[in-house]
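Protein chains in written order, with my numbering: chain S, 3 to 319; chain C, 9 to 298; chain A, 69 to 393.
All residues carry an ideal CB built from backbone N, CA and C; glycine is no exception.
Nothing here was measured: the structure is a model prediction, and the numbers come from that model.
Each remark here refers to the structure printed beneath this line.
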Amino acid sequence: MMRVLAQRLATSALSLVLLVTMVFFMIYATPGGPAYSILGVHASPLAVAALDRQMGLEHPLWQQYLTWWIHLLHGNLGYSFTQHAPVIDLMGSYLHNTLLLDAVAAGLAITLSIALGLLQGATAGRGLGRVIGAWQIVTYSLPSFFVGTVLILVFAADLGWLPPGGIRGSTGGPGFAADLWRHLLLPAVTLALPLTAGLSRYFGQQVRHEYREDYVRAARARGLAPLRIALAHVLRNAVRPLVTVIGLSVPALFVGGVLTESVFNYPGLGWLLWRSALEQDYPTVTALVLLIGLLTILGNLLADIINSLLDVQVRYD
Amino acid sequence: MTETRDATVGRGVAVRGRWSAVVGDISSLSLLGGALFTALGLFSWVGPLLYRHSDLAIHAHHILKAPDARFPLGTDALGRDVLARLMRGGQTTLAISLGATLIGLLGGLLYGMTSGMGPSWLDRTLMRLLDAVLAIPTLVMMIFFAAIVPLGPISLTLLLGLVSWPGLARVVRNEALAARGRDYVRAARQFGAGPLYIARVHLLRAMLPLIVVNATFLMADMILGLSGLSFLGLGIQPPHASWGGLLNSGAGLAVIGSWWLIVFPGLAIFLAILAMNMVGQGLLARREGP
Amino acid sequence: MNANPDTILAVAGLTLARGPRHRPEILVDDLSLTIQAGEMLALVGESGSGKSLSAAAVFGLLPAGVRRIAGSIRLQGQELTGRSERALRAIRGRAMGLVFQNPLTALNPSLSVQAQIAEVYRVHRQGSRTAARARASALLAEVGLQDLSGPRDHYPHQLSGGMRQRAMIAMALACDPPLLVADEPTTALDVLVQAQILALLARLQRERGLAILFITHDLRLAARTADRLLVLYAGAIMEEGAVADVFEAPRHPYTKALKAAIPPLPATSQRLFEIPGLPPPPGPPPSGCRFAPRCGHVRPDCRDAVPPLRGAPARFACFHPCQDQ
């Protein structure tokens, strides 16, 4: 068990090192050189020269690479000239907002997917199963920025029930939580929809396979009710691979997050990435790419660990 | 016992009937998707021949007109014809997506084949590298480059193509690895066939259906990626029309009532992605059986 | 037929079919059988002869597309056909237990064996968690799995094939049903374990007074274990009676051929007998004897009419039965 964990950790660490290295080369291959990447295209030649010296660009590449690592490990991600703050200090609140939105959306998507997938697997080949299948293809094809825009149009602009974007109208005080939820609802639904379509399709197929297994026939022959077979037997076996898939859909969450946060002006990492890219704030963009990569690797690692824990209960006793 | 035997028989049939599984009996879902995509292509390229209105001409007296007889899909904030812009935007969107899909296919095939056919140390190295690349979501990667490099249509096609291959590369590699162990490939090697010959004659042919399915999903991803990038203002730049760009410029105005500015381009993107997903899912269902 | 209070299962005229209504394919044709308490009846036939389908019909679990077009199924005098799914659920597992061919796939891999046994008991008897757990331990001990009757959970993959099948049997017996249906219970096991499982079934039959319907393709196994034999060919009864009559002195050419096809023990260099041809695919009701195309003793009249079941005490469906050797 510990060996499996150690192996997974090592794999993730290696991925992380490769990620950082890759981003290093992506920046150093930039036209204009790394100084521009950090200071932006509007930087004065004087500042560029100063930074070149400061970063030791006259040193060989391997030394620069080492310096890049040392900076990273010290949390030195550069200075954002558009936000007027060290990049590392920016991350906290945006990360918090993104994790909040992603958690709500993922929770919604996972709950819906399990319910829909069970229903789809149990009614495969029949009317309801087909309807769910068609819904999945349609929903999966809906771009989140279009859905988000339409939702704003209907629920915020037209009906006026929900705020069109942002994260809060007030800070603290009574009704704060309710206000937060009102701001979270539309972006969370927008983000959860395509995720639900994908996850429930995958899970539905798992469930369908499980229903063909002998143990389901055996459970019927023992007089167990369909609901009991679905929840106590089929679900248990079908849900395990779902954990991995949820881990693997972390990137999808970030992609959807960038678009959704931008549509709703929701101040998360995706929104920050968008604004920084538009304003060519390279230090922030670079830091965000690294952070999102890190979160993705962590998401996969977490899924791996949960999976092996679930497995252990059965395999290692 | 009987079940296992049936399964092997079934697999044998699947291997022999693979090509026909793609071309011979295409499911109605795939056909419908193909028809939808053809319709969108006709709209974008043949449409302008029938509807002869400029996508750039400014009708100063007809700003933000709702759809009517003269402007079937209305006009935008500068008084440009939305239908004409939608057709032009379709050309841009579809052409770039198609080009990027081809580049992505080529990249994924080359990388995956190299990894799957090469010695195991190379395979391990390439796969680790792929893990790191895959850790950065495609759109985030696009935004990163879009922020550093100014983008035109050609560079956008290259960018989309170059960031899209990792997913396919893994599929191709796994398939190549599996095919490599099959007897007919082993036999071919016994007869002195070189790796390139085996890749071309045996592996590619065995993988063709899989590649076709993945190509459709890749195309859907490219349409979504390009439109998303343009929606964020980082893709096709105005005044050039693209579906994502139209949606971007319309989003603010739709809130004050100009719904036609977002509904039509949004529908166009949705239908194009839907068409590709339908083709892919239809082929996939055929491959996997009912 | 139901006058005897010891009759546990009585199937009469059971006919199963699939395909269009105007041109059905008959899968099981006019099957009748009875099993008494404390008796083991072996249903013998090749794969595709309809033996497993008949078991599924008893449980009301016919696969999609297969339907019962005639016949009655009575369990302890109660008619089972025409009952609602809900009513059947209350009977399955409580009044009849089913044992499958492959215990590995028939057990849920992610639930402990104890939990799966306890579940049946709790569902049908509404017992408490602890009572069900105690019940599971007692049953495991009864089927010879004393090692598993402790408080520790055991998962299917931790058990050997024979242990799994014992656990399956314990599960089928969780609510003390009077009837046990064992569908090829030893086919997936190796020879030594086969004998152990058959001995276990025989012991349960004796100790519990259990009625057992033993479904197998193996005539020798059936003759060694069961009290009575019922030989099925292409969905119809060929011969039925006590082992002493049917196995020792078969009257039907099919039974005789099956017996001749048993490889001798110990193996000799003698060439094995095999029945020429293949069983017919399911189709519309035949005009003559189903076995006629493969029969070594076929005469012209065999193809004109379906031979009825006749004879006593053993019954057979043949116009020209074999004489005692």
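What do you get for residue i, buried or exposed, if any count of 16 or more other CB atoms within 10 angstroms of its CB means buried?
| i | result |
| --- | --- |
| leucine 130 of chain S | exposed |
| valine 19 of chain S | exposed |
| glutamate 210 of chain A | buried |
| threonine 198 of chain A | exposed |
| isoleucine 264 of chain C | exposed |
| aspartate 313 of chain A | buried |
| glycine 290 of chain C | buried |
| glycine 109 of chain S | exposed |
| methionine 227 of chain C | buried |
| glutamine 122 of chain S | buried |
| alanine 259 of chain C | buried |
| aspartate 89 of chain C | buried |
| glutamine 184 of chain A | buried |
| threonine 16 of chain C | Any reading at threonine 16 of chain C must be qualified, since the residue scores a pLDDT of 31, below 50, and its modelled position is unreliable; the value itself is stated next. Result: exposed. |
| serine 46 of chain S | exposed |
| valine 31 of chain C | In this prediction, valine 31 of chain C has a pLDDT of 43, which is less than 50 and means its spatial position is unreliable; nothing more can be read from the coordinates. |
| tryptophan 129 of chain C | exposed |
| glutamine 182 of chain A | buried |
| alanine 204 of chain A | buried |
| arginine 317 of chain S | The predicted position of arginine 317 of chain S is uncertain, since its pLDDT is 45 and thus under 50; no value can be drawn from it. |
| phenylalanine 341 of chain A | exposed |
| asparagine 99 of chain S | buried |
| alanine 29 of chain C | Residue confidence for alanine 29 of chain C is low, a pLDDT of 42 falling below 50, so the modelled location carries little weight; the figure read from the coordinates is stated next. The residue in question, alanine 29 of chain C, is buried, as its Cβ has 16 or more Cβ neighbours within 10 Å. |
| phenylalanine 147 of chain S | buried |
Would you mind telling me which residues of chain A sit closer than 8 Å to residue i, beta carbon to beta carbon, in chain order?
| i | result |
| --- | --- |
| aspartate 160 of chain S | None at all; the shortest Cβ gap to chain A is about 48 Å. |
| asparagine 239 of chain S | Asn176, Pro177 and Ser178 |
Pull the bridge partners of residue i from the DSSP assignment, please.
| i | result |
| --- | --- |
| isoleucine 398 of chain A | Residue 398 of chain A is absent from the structure shown; chain A starts at 69 and stops at 393. |
| arginine 242 of chain S | Paired residues: none, contrary to the question. |
| glutamine 104 of chain A | A:Thr75 |
| tyrosine 67 of chain S | Answer by DSSP bridge pairing: none, since tyrosine 67 of chain S is not bridged. |
| isoleucine 159 of chain A | In DSSP, isoleucine 159 of chain A forms no bridge with anything. |
| tyrosine 205 of chain C | In DSSP, tyrosine 205 of chain C forms no bridge with anything. |
| phenylalanine 387 of chain A | Paired residue(s): none; phenylalanine 387 of chain A is not in a bridge. |
| arginine 378 of chain A | A:Phe384 |
| arginine 213 of chain C | DSSP, once it has assigned bridges, lists no residue as partnering arginine 213 of chain C. |
| leucine 74 of chain S | Answer by DSSP bridge pairing: none, since leucine 74 of chain S is not bridged. |
| arginine 86 of chain A | A:Glu93 and A:Val134 |
| leucine 89 of chain C | Sequence check: residue 89 of chain C is aspartate here, not leucine. Paired residue(s): C:Thr83. |
Quick one, are the C-beta atoms of residue i and residue j less than 8 Å apart?
| i | j | result |
| --- | --- | --- |
| tyrosine 284 of chain S | isoleucine 156 of chain C | yes |
| alanine 256 of chain A | alanine 220 of chain S | no |
| alanine 279 of chain A | isoleucine 103 of chain A | yes |
| proline 245 of chain A | leucine 172 of chain A | no |
| arginine 203 of chain S | glutamine 138 of chain S | yes |
| serine 172 of chain C | alanine 108 of chain C | yes |
| valine 149 of chain S | leucine 195 of chain S | yes |
| glycine 165 of chain A | leucine 82 of chain A | no |
| leucine 287 of chain A | valine 112 of chain A | yes |
| alanine 200 of chain A | tyrosine 189 of chain A | yes |
| histidine 61 of chain C | glycine 87 of chain C | no |
Identify the contact partners of residue i in chain S, using a Cβ-Cβ distance below 7 Å as the criterion.
| i | result |
| --- | --- |
| alanine 158 of chain A | Gly225 |
| tryptophan 8 of chain C | The structure shown does not extend to residue 8 of chain C, since chain C is modelled only from 9 to 298, so the question has no answer here. |
| glutamine 289 of chain C | Ile139 |
Against residue i, what residues of chain S qualify as contacts under a CB-to-CB distance less than 9 Å, listed in chain order?
| i | result |
| --- | --- |
| serine 235 of chain C | Pro145, Phe147 and Phe148 |
| glycine 42 of chain C | Neighbours of glycine 42 of chain C on chain S: none; closest Cβ ~14 Å, over 9 Å. |
| methionine 239 of chain A | Ala220 and Arg224 |
Under 7 Å between beta-carbons, which chain C residues line up against residue i? List them in chain order, please.
| i | result |
| --- | --- |
| alanine 15 of chain S | Per Cβ cutoff of 7 Å: no residues; alanine 15 of chain S is ~11 Å from chain C at best. |
| phenylalanine 256 of chain S | Pro145 and Val148 |
Quick one: which chain C residues come within Cβ less than 9 Å of residue i?
| i | result |
| --- | --- |
| glutamine 282 of chain S | Ala155 and Ile156 |
Residues of chain A with CB closer than 9 Å to the CB of residue i, please, in chain order.
| i | result |
| --- | --- |
| glutamate 263 of chain S | Ordered by position in chain A, no residue passes the 9 Å Cβ test against glutamate 263 of chain S, which lies about 38 Å from the chain. |
Give the residues of chain S in contact with residue i, contact being defined as C-beta atoms less than 8 Å apart.
| i | result |
| --- | --- |
| valine 263 of chain C | Ile154, Leu155, Ala158, Ala159 and Pro166 |
| alanine 174 of chain A | Asp216, Tyr217, Arg219 and Ala220 |
| histidine 192 of chain A | Gly225 |
Could you tell me which chain A residues have their CB closer than 7 Å to the CB of residue i, listed as they occur along the chain?
| i | result |
| --- | --- |
| histidine 86 of chain S | Chain A residues near histidine 86 of chain S: none, gap ~55 Å exceeds 7 Å. |
Exercise for review: Write down every uninterrupted run of the beta strand (DSSP E) in the stretch 120 to 197 of chain A whose length is 3 residues or greater and which is fully enclosed by it, in chain order.
Suggested key: Counting only unbroken stretches of 3 or more residues, the beta strand (DSSP E) elements lying wholly within the stretch 120 to 197 of chain A are 134 to 143 and 164 to 167, in sequence order.
At what residue ranges does the stretch 253 to 298 of chain S contain a whole run of the alpha helix (DSSP H), taking only runs of 4 or more?
Entirely contained in the stretch 253 to 298 of chain S, the alpha helix (DSSP H) runs reaching 4 residues are, in chain order, 271 to 280.
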